[in-house]
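As structure tokens, the structure follows; a few thoughts come after it.
Residue numbers (our numbering), protein chains in the order written: chain A, 772 to 1060; chain B, 338 to 584.
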């Protein structure tokens, strides 16, 4: 389990991570979303000890980070960190020599799955292949904690699916996985919980199903103009367009449907919101930041 | 993580061996094409002089392999996510690099002996024990001092180790040369003070046939000790910087 509490990191005047609190239980995949510069990478750096936070704690399975914790952690950065002059096989050998729990058969399986030629130098690989190799180095010891920054970046759709399946398998086997991605479809497919960051803060977090449930929109159409909604405007975000009205129901879709029905709506429907809608709603700042 | 550094130094030593072999081949061609070789003309060759010459190989290799640890700044996602303390990783790199420096010294010494044998002058070799030991202590001390200073500066300027290593040759040579320049006393005093951090200032031409004086006016053993002490301080400080720096 990954437990982040009150993590705060400042670079000069910029508050890159502001009181970040987040739990990723074992057996769970948490998608960390946010626009560029929202604080995702800073959070990852603080998690891994690459940056020293001004405040807050990070615990892995209840204990703070020590060098030995890395025997249970797999980390793949946004830009693959590889030795361009070393071959694929040498990178795998490096993983074998440095991780006590290295799983030879698993590494071989991954090399075959990603179709990586062991003799090829890392610098000669395509971006997607480099991503795959960095991932193999990160997971070859079957870590119980995975921290992945854009794990499928540059991979073709087939390989993206392979990576997501890999993550889902790992979570099924009890791993706690924190991943960031700009490809919301990937997160939607792999994650069971999500946290959205904006300006260094987590502005929305929770189980994906619960967030979806609470973010449903109720749309109603009236015969003439939209009547007085009797206080709904104060309780939730309401959008009026002509004779139609959309209410962001904040988890009270059933009550809103009933209210619209009582007000004489001609038609009422409940719209499930996609993770992308949720994300855009949450981070939308008019494009000024 | 030493695996990566082992591969790096292996590549460096292989390239260095190729250079030495090419040098030996050129020397052989030159000698074979000459009419005769009379080793009695050459006179006595002190082993300590060969040791001083071989130290140049060690020094050159030292300034190259010193870039290894600092090159890890671009791969901290791998280096710093292994289940080992960062300090232990740095000490491991140091051990590998020191091995490479010793190997380069031995290779250069063998090269020098091979060239001497080409001249048929092996019988002229004279083992001068104390001078040999002194040259080894000062030579490796100077090499490790240079190595440590590169580490220290590069730890402050991540990713620039090769540039720092290259520039260090120019800086130390110029700094040494400036002591002979006719400068106002204040500048001269500054240059003399700076030369205490110049590895080349601890070197004389070394062996028993030496007739030059080092810039640091200390006895040979004290010079050796000082070079090793500066090396130790620089290395310990740079490991501290390396292990506490934010990526």
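For every residue, glycine included, the Cβ atom is placed at its ideal position computed from N, Cα and C. Bear in mind the structure is a predicted one, so any value in this text is a computation, not a measurement.
Residue i: CB within 7 Å of a non-hydrogen atom of the ligand FAD
i: residue 573 of chain B; result: Absent from the structure shown: the ligand FAD. Ligands present: none.
DSSP three-state assignment for residue i, whether helix, strand or coil
i: residue 831 of chain A; result: strand
i: residue 857 of chain A; result: coil
i: residue 1012 of chain A; result: strand
i: residue 992 of chain A; result: strand
i: residue 424 of chain B; result: helix
i: residue 925 of chain A; result: coil
i: residue 1036 of chain A; result: coil
i: residue 978 of chain A; result: strand
i: residue 1018 of chain A; result: strand
i: residue 1052 of chain A; result: helix
i: residue 795 of chain A; result: strand
i: residue 383 of chain B; result: strand
i: residue 997 of chain A; result: coil
i: residue 935 of chain A; result: helix
i: residue 892 of chain A; result: strand
i: residue 870 of chain A; result: coil
i: residue 887 of chain A; result: coil
i: residue 951 of chain A; result: strand
i: residue 1059 of chain A; result: Note that residue 1059 of chain A scores 43 on pLDDT, short of 50, meaning its location in the model is unreliable; the coordinates nonetheless yield the value given after this. Correct three-state label for residue 1059 of chain A: coil.
i: residue 930 of chain A; result: helix
i: residue 821 of chain A; result: coil
i: residue 1007 of chain A; result: coil
i: residue 841 of chain A; result: helix
i: residue 807 of chain A; result: coil
i: residue 338 of chain B; result: coil
i: residue 940 of chain A; result: helix
i: residue 417 of chain B; result: coil
i: residue 348 of chain B; result: helix
i: residue 583 of chain B; result: coil
i: residue 912 of chain A; result: coil
i: residue 457 of chain B; result: coil
i: residue 1023 of chain A; result: coil
i: residue 906 of chain A; result: helix
Sheet register partners of residue i (DSSP bridge)
i: residue 780 of chain A; result: A:788
i: residue 846 of chain A; result: A:918
i: residue 965 of chain A; result: A:802 and A:977
i: residue 585 of chain B; result: Residue numbering for chain B in the displayed model covers 338 to 584; residue 585 of chain B lies beyond these limits and cannot be assessed.
i: residue 1095 of chain A; result: Nothing about residue 1095 of chain A can be read from this structure; chain A reaches only from 772 to 1060.
i: residue 1041 of chain A; result: A:989
i: residue 972 of chain A; result: A:969
i: residue 826 of chain A; result: A:779
(message) Threshold first: 4 residues or longer. Then list the alpha helix (DSSP H) segments lying entirely within the region 493 to 568 of chain B, N to C.
(response) Fully contained in the region 493 to 568 of chain B are the following alpha helix (DSSP H) runs of length 4 or more, in chain order: 498 to 515 and 522 to 531.
(request) Residues of the region 409 to 421 of chain B with a CB closer than 8 Å to any CB of chain A: list them in chain order, please. (result) Answer in chain order: 411, 412, 413, 414, 415, 417, 418, 419, 420 and 421.
(message) What are the residues in the region 815 to 830 of chain A lying within 9 Å of chain B by C-beta distance?
(response) Hits within the stretch, in order: 816, 819, 820, 821, 822 and 823.
(request) Taking a Cβ distance cut-off of 7 Å, strictly less, list which residues of the region 836 to 850 of chain A are near chain B, in chain order. (result) Cβ contacts with chain B: 838, 839, 841, 842, 844, 846 and 848.
(request) Answer yes if the region 1026 to 1038 of chain A comes into contact with the region 989 to 1006 of chain A, meaning at least three C-beta pairs across the two stretches below 8 Å, and no otherwise. (result) Short answer: they touch.
(request) Indicate whether the contact test is met: 3 or more Cβ pairs, each with one atom in the region 846 to 853 of chain A and one in the region 413 to 427 of chain B, closer than 8 Å. (result) Contact between the region 846 to 853 of chain A and the region 413 to 427 of chain B is present, with at least three C-beta pairs closer than 8 Å.
(message) Please list, in chain order, the residues of the region 341 to 353 of chain B that have any C-beta partner in chain A closer than 9 Å.
(response) For the region 341 to 353 of chain B, the residues whose beta carbon sits under 9 Å from a beta carbon of chain A are, in order, 341, 344, 345 and 348.
(request) Assess, as a yes-or-no matter, whether the region 920 to 935 of chain A is touched by the region 952 to 962 of chain A under the definition of 3 or more beta carbon pairs within less than 8 Å. (result) Contact between the region 952 to 962 of chain A and the region 920 to 935 of chain A is present, because at least three Cβ pairs lie under 8 Å.
(request) Pair every Cβ in the region 1006 to 1021 of chain A with every Cβ in the region 985 to 996 of chain A, then say whether three or more of these pairs are closer than 8 Å. (result) By the Cβ test, the region 1006 to 1021 of chain A is in contact with the region 985 to 996 of chain A, since at least three Cβ pairs between them sit closer than 8 Å.
(request) Using a Cβ-Cβ cut-off of less than 8 Å, give me the residues of the region 857 to 879 of chain A that come near chain B, in sequence order. (result) Of all residues in the region 857 to 879 of chain A, 857, 861, 864, 865, 868, 869, 870 and 871 have a Cβ within less than 8 Å of some Cβ in chain B.
(message) To be precise: take each residue of the region 773 to 786 of chain A, compare its Cβ to all Cβ atoms of chain B, and keep it if any distance is under 7 Å. Which residues remain?
(response) Flagged: no residues at all.
(request) Evaluate contact between the region 865 to 874 of chain A and the region 811 to 826 of chain A, counting only Cβ atoms and requiring at least three cross-stretch pairs below 8 Å. (result) In short, these stretches do not touch, since the Cβ pair count stays below three.
(request) Could you name the residues of the region 987 to 1000 of chain A whose beta carbon sits closer than 9 Å to any beta carbon of chain B, in the order they occur along the chain? (result) If you check each beta-carbon in the region 987 to 1000 of chain A against every beta-carbon of chain B, none falls closer than 9 Å.
(message) Three Cβ pairs or more, each shorter than 8 Å: is that satisfied between the region 386 to 405 of chain B and the region 500 to 509 of chain B?
(response) Yes, since at least three Cβ pairs between the region 386 to 405 of chain B and the region 500 to 509 of chain B fall closer than 8 Å, the two stretches touch.
(request) Spell out a yes or no on whether the region 854 to 866 of chain A and the region 339 to 347 of chain B are touching, meaning 3 or more CB-CB pairs, one atom from each, closer than 8 Å. (result) Touching, yes, given that three or more Cβ pairs across the two stretches are closer than 8 Å.
(request) Report the residues of the region 880 to 909 of chain A with a CB closer than 9 Å to any CB of chain B, ordered along the chain. (result) Near chain B, meaning a CB-to-CB distance below 9 Å, the residues of the region 880 to 909 of chain A are 905, 908 and 909.
(request) Name, going along the chain, the residues of the region 473 to 486 of chain B whose beta-carbon falls closer than 8 Å to a beta-carbon of chain A. (result) Along the region 473 to 486 of chain B, none of the residues has a CB nearer than 8 Å to a CB of chain A.
(message) Three or more C-beta pairs under 8 Å: does that hold for the region 531 to 541 of chain B against the region 440 to 459 of chain B?
(response) Judged by Cβ distances under 8 Å, the region 531 to 541 of chain B makes no contact with the region 440 to 459 of chain B, as fewer than three pairs qualify.
(message) Is it the case that the region 460 to 468 of chain B contacts the region 380 to 392 of chain B, given that we only count it when at least three CB pairs across the two stretches are under 8 Å?
(response) Contact between the region 380 to 392 of chain B and the region 460 to 468 of chain B is present, because at least three Cβ pairs lie under 8 Å.
(message) Between the region 772 to 785 of chain A and the region 928 to 943 of chain A, can you find at least three pairs of beta-carbon atoms closer than 8 Å?
(response) No contact exists between the region 928 to 943 of chain A and the region 772 to 785 of chain A.
(request) Could you list the residues in the region 373 to 405 of chain B with a C-beta less than 9 Å from some C-beta on chain A, going in chain order? (result) Along the region 373 to 405 of chain B, none of the residues has a CB nearer than 9 Å to a CB of chain A.
(message) What are the residues in the region 486 to 499 of chain B lying within 7 Å of chain A by C-beta distance?
(response) Cβ contacts with chain A come from no residue of the region 486 to 499 of chain B.
(request) Evaluate the contact criterion for the region 897 to 910 of chain A versus the region 825 to 837 of chain A: three or more CB pairs, one atom per stretch, below 8 Å. (result) Fewer than three beta-carbon pairs drawn from the region 897 to 910 of chain A and the region 825 to 837 of chain A are found closer than 8 Å, and the two stretches are therefore not classed as touching.
(request) Decide yes or no for the touch test of the region 476 to 496 of chain B against the region 549 to 566 of chain B: beta carbon pairs closer than 8 Å, at least 3 of them. (result) Touching, per the Cβ criterion.
(message) With three or more C-beta pairs closer than 8 Å as the rule, is the region 430 to 442 of chain B touching the region 505 to 524 of chain B?
(response) As far as the Cβ criterion goes, the region 505 to 524 of chain B does not touch the region 430 to 442 of chain B, which means the pair count is below three.
(request) Can you give me, in chain order, the residues of the region 449 to 475 of chain B that have a beta carbon less than 9 Å from any beta carbon in chain A? (result) Residues: none.
(request) Using a Cβ-Cβ cut-off of less than 7 Å, give me the residues of the region 1023 to 1055 of chain A that come near chain B, in sequence order. (result) Flagged: no residues at all.
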